[in-house]
Every structure is written in C-alpha cells, then in structure tokens.
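In our numbering, the protein residues as written are 2 to 415.
To start, the structure under review is shown below, and the notes come after it.
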Amino acid sequence: MRYALFIFILCCSNHLQADESTWSERLQIHGFASQAYINTSHNNFFGDSEDGSFEFTELGLNGSFQLSPKIRLASQVLSRRAGELDNGSPYIDYALVDIDLLSTARSTTGLYLGRVKNPIGLYNQTRDVAHTREGILLPQVIYFDTIRELLISSDGLHAYHHMYLDSGTLLMQAGLGYPITNKNVEYAFMGQDWNGKVGNDRLGFFGQLRYEYNGGRWIYSLSHANVTIDFKAGPQDTIPFPAGPGLNSGEIEVDYTVLSIQYNGKKWQLTAEAALEKVEFVEISDNFSEQSGRPFGYFIQANYLFTPRWQGFIRYEEWQRDRDDWDADEAAQRSLESSQLLSSFGIDQPPFPAHTNYSKAWVIGGRWDIKPNLMLRAEYHITDGTSSLPARENNIALSEKHWNMLAISLSYRF
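Below, the structure is given as structure tokens:
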C-alpha cells in the first residue's frame, strides 16, 4: 500500500496545475495532547486504576497539504498510552490521498486511498481528538477501546459522494480495506494471548449513509462494517484436549451495524446510537463455536450547554454479548459446565459468571473550556457488569460485578 501511494503521487505530480498560493496556505498542521487520571473502585481500566492510574495519555500530530486543486494529502501520527492496551509507541493513525473526482454546486464525488478512518457511527472518525469526543471515554458499548484498532482504520480504498440538498446534506461513503489487528483484538475475542496469532489477510467492507438535516440540526446515520479476522494456531495451540487447548486455525467473522440519531439545539444535544453485531467463530474449536453470538449495544446521552464554556452530560449505556441470552444466564450455565468438565481432567479453571457477558452503566460528566484550546473534563461511571473491562488487565472470571470509575482529563490542542 505504501509503494502504491508513492507511485500514485509521482504520477499525479506531472498534472499539478500552477498555483500562486504559498506553501503556508496549502499546508495545515495541528496537534493535540491529553492526560487523564482514572480511579476505579474495583477492577482495572487503563493501568492499576484501583490505586489511581495516570496511564492514559494521548499525543497526536496531523497535517494536510493541498497538492493540487483536486488532490489533498492528509495524515496523522498518534502516540497513545492506555495501560496494557497501548504502550505509547507512535503509529500512523491515518495517511491518505483525497482525490476530488467531480465537484459541482450540488455534489462532490471523490476517493480516499491509503489508511482511511472508517465511517462507523457518529464519532469513529474523530474519536482520537479529545476536543471532538463526547466525553473522556466514548461509550464502550459502541466504540470499544479494547478492539479500537480493528474498526478505527483500514488500509484500502474508499469512495464518497456528498449531495447538497435544499433541506440538508446527504453523505455516502463505502470502501474496502484490510483491518488492523493486534494482541488487543486477540484478547478481546479469544480471551488471552495464544501461541498462534491473529491476522488481517482478508479485505473488510465499510460503509455509511448519513443525512444532516437543516445544517446539522438533525443527523441520521446508518453504518456497516464486515471484517474477517484470521487465527493461525501455533504448535502449542493444536495439542489435543485435555493435554492442550485443541485449537485449529480458523476465522472470526464480525458483522457490525450502527444506527445513529442526533439532535443539536441551541442548548441541548440529544444522541442515541445502537449497534447490532454478529460474531461467528469458524473452525477454531467447538468451545469457541459455542461463543458465537449476536451482541447488542446502545446508549442514550443528553448534553446541556450551561454557558459557552461550561457543559455537562448524562448517559446510559448497555451492552449484551448475545441479544438472544439477555443478562447471559445461558452463557453462565455453559461456562459452569465447561469448568466442571475441565475439573474432571484435573484442570482448574473458574467458570465465567453471567456479569462477564454484559455491561450496564450510568455516566455523568462535565466539560470546562478554560481557553479555546485548553479543556478540562471529568466524568463518573456507575457500572454493573464487566464486559467492557480490558482482558489484558483483569482476570475477567474473578472481576467484581459492581464497580465505579472516576476519570479526569486535561487536553490541549494547537
């Protein structure tokens, strides 16, 4: 992909139109930094949060360059430290060529080529910049930090078409790209770091239909993503049960649809999003096949602007691992039976209680814009269930069902 972009830019350079504008007018560079403190009553979230954790730090530098009237280059480098999930090493969040194929007074058609932010929900494309998020942590029932790499960007080609109507703007985007996978994805779907590895050998599909009515007073959106994660079992994984886990190489198929609606008034902002998922384990093992399901998540949030510099919000969010097994009673029974079977072979593995398969939380928070580029935020989560906890930081089977979290962050942008 990198070489294809380089060759494409070289080819396009021969067609650049003379432009009297200076480099400073065509080049834009911005950056941001955010530091958070997180404290939880039980369990760990982004570090040893039961004792208070400062292990949530975000640094970003982004830029764009108008190579010609029809071609724009854009990229962002991100450093993110988030407990065991991210160690702060810089990586490319997105890097793309934006090609304006056809523009009229009524529409714009173009292509994104490279590492592209996937259009999922209302916030996926802007979630890395703290000033554009609806809280320190986005709703973990839609925008999962435990698998953020899988859905946030992909390496491929996206087409977009914007229609400027009398009543509003209709935005369409669809594309194919290779999703990004890492150990976080393996932990989230398979519970631990196995001897084998997960990969992204197959193209995923990403698309969104979005309508912004009356200048964004009302926003309606339908997003869809379909990705396949490859699991290549290692030698230790394939040792037959009960001497070993008895895993095979296989796939994890993820189908993800998000419905969104938002109202933006003078003082009030009301937002609701719901996600319908389908997760299927193929050929890895019978045990994982039983974990295939149809998760469901949603949140409802109300924001109120007290003054131009002060605002607050309240949110309720819920996620269920299987919408056919609400509150996971059947899943807990299967886990108990599996634990008893392992115990008969001398393997001690505690059963996963029902609360590891769902999460229900009330969140209340506020924001103070100290200056236009300096922001202080605080929020408090009251949570029942542990499905949102990072598996890399917790023994999920032994996690506490009821837990609270306080998060405070200071963010700067330039």
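Heads up, the beta-carbon is just placed ideally off N, CA and C, and yes, glycines get one too.
All of these numbers come straight from a predicted model, not from anything done at the bench.
Only buried fits S54, as 16 or more other CB atoms lie within 10 angstroms of its CB. For L411 and Q312, the gap between their C-alpha atoms comes out near 15 Å. Residue burial is scored here from C-beta neighbours: L102 has fewer than 16 other C-beta atoms within 10 angstroms and is therefore classed as exposed. Between the region 294-307 and the region 175-182 there are fewer than three inter-stretch CB-CB distances shorter than 8 Å, so the stretches are not counted as touching. Fully enclosed beta strand (DSSP E) runs of no fewer than 3 residues occupy 219-233 of the region 210-262, in order along the chain. In this structure, the CA atom of G157 is about 14 Å from the CA atom of L151.
Under DSSP, G178 shares a beta bridge with G157, G205.
Here D87 is buried, its C-beta having at least 16 other C-beta atoms within 10 Å. Note on geometry: alpha-carbon atoms of L277 and I365 lie some 25 Å from one another.
Counting C-beta atoms within 10 angstroms of its own C-beta, H356 has 16 or more neighbours from the protein chains shown and is therefore classed as buried.
With respect to E213, V199 sits apart: the two C-beta atoms are not nearer than 8 Å. In chain order, N249, G251 place their CB closer than 6 Å to the CB of E284, counting only its own chain and leaving out the 5 sequence neighbours on each side.
Separation of I315 and Y381 (C-alpha to C-alpha, rounded to the nearest whole angstrom) is 10 Å. The Cβ-Cβ distance between F300 and Y317 falls below 8 Å. One Cα belongs to I148, the other to I371, and the distance between them is close to 32 Å.
DSSP places F314 in the strand class (E or B) of the three-state scheme. Listed as beta-bridge partners of R393 by DSSP are no residues whatsoever.
According to DSSP, residue pairing for I301 in a beta bridge involves A273, Y317.
A direct Cα-Cα distance of roughly 7 Å separates I397 from T387. Where A189 is concerned, the enclosing alpha helix (DSSP H) starts and stops at 184-191. K118 is bridged by DSSP to S154.
Between E291 and G84, the CB-CB gap reaches or exceeds 8 Å. The beta carbons of I220 and L139 sit no closer together than 8 Å. Just so you know, the alpha carbons of R203 and S155 end up roughly 11 Å apart.
Here F289 carries a helix assignment [DSSP, helix/strand/coil]. The region 33-45 and the region 55-64 touch, with three or more beta-carbon pairs separated by less than 8 Å. Membership of W404 in the beta strand (DSSP E) is indicated by the continuous run 403-414.
Counting every other CB atom within 10 Å of its CB across the protein chains shown gives N374 a total below 16, marking it as exposed.
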